[in-house]
Structure formats: C-alpha cells, structure tokens
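Step one of this worksheet: look at the structure below.
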Amino acid sequence: MATAKLELRNLKKSFPRGKEDIPVVHDMSLSIPNLEFLAIIGPSGCGKSTLLRLIDGLIPGDSGEIFLDGVDIAGVVGGRGRGMVFQGFDLFPWRTSRGNIEFGLEVQGTPAAERKEIALHYINLVGLAGFLVCLTALPLFGKILSNVSIASLQLNYNWAQSVV
Ligand SMILES: Nc1ncnc2c1ncn2[C@@H]1O[C@H](COP(=O)(O)OP(=O)(O)O)[C@@H](O)[C@H]1O
Ligand SMILES: [Mg+2]
C-alpha cells in the first residue's frame with residue numbers, strides 16, 4: 008500500500024479546565040492519500056483548530072503519532088510541506104500585500120530584487136496580478152486578504168528553509 012500523505016495515529020490532546028482535563032482530540036486516527044482534500048466540519052469548539060495546530064506542530068499532543076510522507080513529525084514546529092492559513096489571516100497590516108508575501112524570504116536574507124520576482128510569481132498564482140492593492144497598504148477585503156495569505160503560505164512552502 009502506498010504511504011499516506013498524512014497519517015494520524017491515536018492522536019490525543021486535552022486542555023486543563025480547573026482541576027479537570029477536558030479531552031478535545033480523542034484518540035484520532037486517519038489517513039489522507041496524496042492529492043486528496045479533506046474538510047473537517049463540526050460545531051464551534053469541537054476541536055478543529057486544535058487538530059490543525061497539532062498537525063502544524065504549533066502545540067504538542069499528549070500522545071499519538073503524526074506522519075507526513077511516512078516521517079513522524081509530531082511536535083515538530085512548521086517545516087516544509089506544512090502551513091496554515093489562520094482564520095484571522097495573521098498578516099502585517101502595515102505592510103503591502105507584496106511586503107507580506109515576501110516576509111519569509113526577507114527573514115532569510117534573500118536580496119530585494121529576487122524577493123520581488125518570487126513574490127510576483129505567487130501574486131500571479133492567486134490572481135492578484137495587476138491589482139494596485141499589491142503596492143499599497145494591506146487592504147481590508149476578506150477575499151484579497153485570504154489570497155495574500157494563501158500566496159504567502161505557498162511561497163514559504165516552496166522556498167522557506169523553515170516556515171515563518
Ligand atoms: N489553549 C487552550 N487552552 C485551553 N482550552 C483550549 C485551548 N485551545 C482550545 N481550547 C478549548 O478546546 C476546545 C476546542 O477548541 P478549538 O479547537 O478552537 O475548536 P474549533 O476550532 O472547532 O472551534 C474548546 O473548548 C476550546 O475552549
Ligand atoms: Mg477554529
């Protein structure tokens with residue numbers, strides 16, 4: 008059988024509430040083949056974001072394993088092949104769209120001209136090419152913000168030595 012792209016085995020996470028530990032992710036196992044999309048749907052507070060944070064390594068699990076391409080990544084923060092577009096997009100409002108998209112490369116010390124060229128490729132990829140918004144301070148429109156976040160994520164996924 009081919010190795011799953013992402014596999015969770017008996018993943019568990021609880022949060023303390025008062026003297027109790029409240030289980031949020033209960034012994035979760037699943038296997039996602041390469042190139043498959045998975046939607047996780049559930050009521051507010053059921054643990055969707057917690058599950059994504061566990062997979063991205065932003066919080067440690069209590070127990071269980073997380074395999075990406077067959078490699079155990081449980082508790083490993085970020086890294087190539089993973090990224091998260093946050094509900095609030097988590098962009099820098101004082102930077103332009105391109106400035107946000109370039110940020111990971113800037114931290115790595117990539118020269119400005121190279122950063123610009125790479126960023127423009129990703130701006131084009133998410134359909135923002137030619138929009139004045141790329142040159143001005145970050146706009147407040149949800150659709151554009153989400154596209155800027157996705158471009159930034161894609162760029163870091165492909166280029167960053169570590170995800171920022
Ligand atoms: N850092 C935390 N500390 C304590 N409780 C948390 C923490 N993060 C999430 N929770 C609790 O875990 C449960 C699941 O939260 P969350 O994963 O954000 O749900 P969802 O994304 O499905 O709305 C909620 O009851 C929430 O209050
Ligand atoms: Mg959530």
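In my numbering, the protein residues as written are 8 to 171. We treat Cβ as the ideally placed atom computed from N, Cα and C, and that holds for glycine.
What I want to know is whether the C-beta of residue i ends up closer than 7 Å to one or more non-hydrogen atoms of ligand 2.
| i | result |
| --- | --- |
| K20 | no |
| S4 | Shown here, the chain extends from 8 to 171; a query on residue 4 therefore has no answer. |
| Q94 | yes |
Can you have a look at residue i and say buried or exposed, based on whether 16 or more other CB atoms are within 10 angstroms of its CB?
| i | result |
| --- | --- |
| L37 | exposed |
| A46 | exposed |
| L13 | buried |
| N17 | exposed |
| S51 | exposed |
| G54 | buried |
At a cut-off of 7 Å, would you count residue i as near ligand 3, judging by its Cβ distance to the nearest heavy atom?
| i | result |
| --- | --- |
| S153 | Of the ligands one can find in the structure shown, namely ligand 1 and ligand 2, none is ligand 3. |
Measuring from the CB of residue i, is there a heavy atom of ligand 1 at a distance below 7 Å?
| i | result |
| --- | --- |
| T10 | no |
| G54 | yes |
| V31 | yes |
| T57 | yes |
| G82 | no |
| L71 | For the record, residue 71 in the displayed sequence is Gly; it is not Leu. Result no, Cβ not under 7 Å from ligand 1. |
| G49 | yes |
Have a look at the options and flag the residue whose alpha-carbon is nearest the alpha-carbon of residue i.
| i | options | result |
| --- | --- | --- |
| P40 | K123, F74 and I80 | F74 |
| V155 | R102, W166, A119 and P118 | R102 |
| P23 | D69, E121 and A120 | D69 |
| V133 | S153, G88, M35 and L98 | S153 |
Taking Cβ positions, are residue i and residue j nearer each other than 8 Å?
| i | j | result |
| --- | --- | --- |
| G64 | G82 | yes |
| L162 | G116 | no |
| V31 | T57 | yes |
Who are the near neighbours of residue i in its chain, counting only those whose CB is closer than 8 Å to its CB and skipping five residues on each side?
| i | result |
| --- | --- |
| D79 | E72 and I73 |
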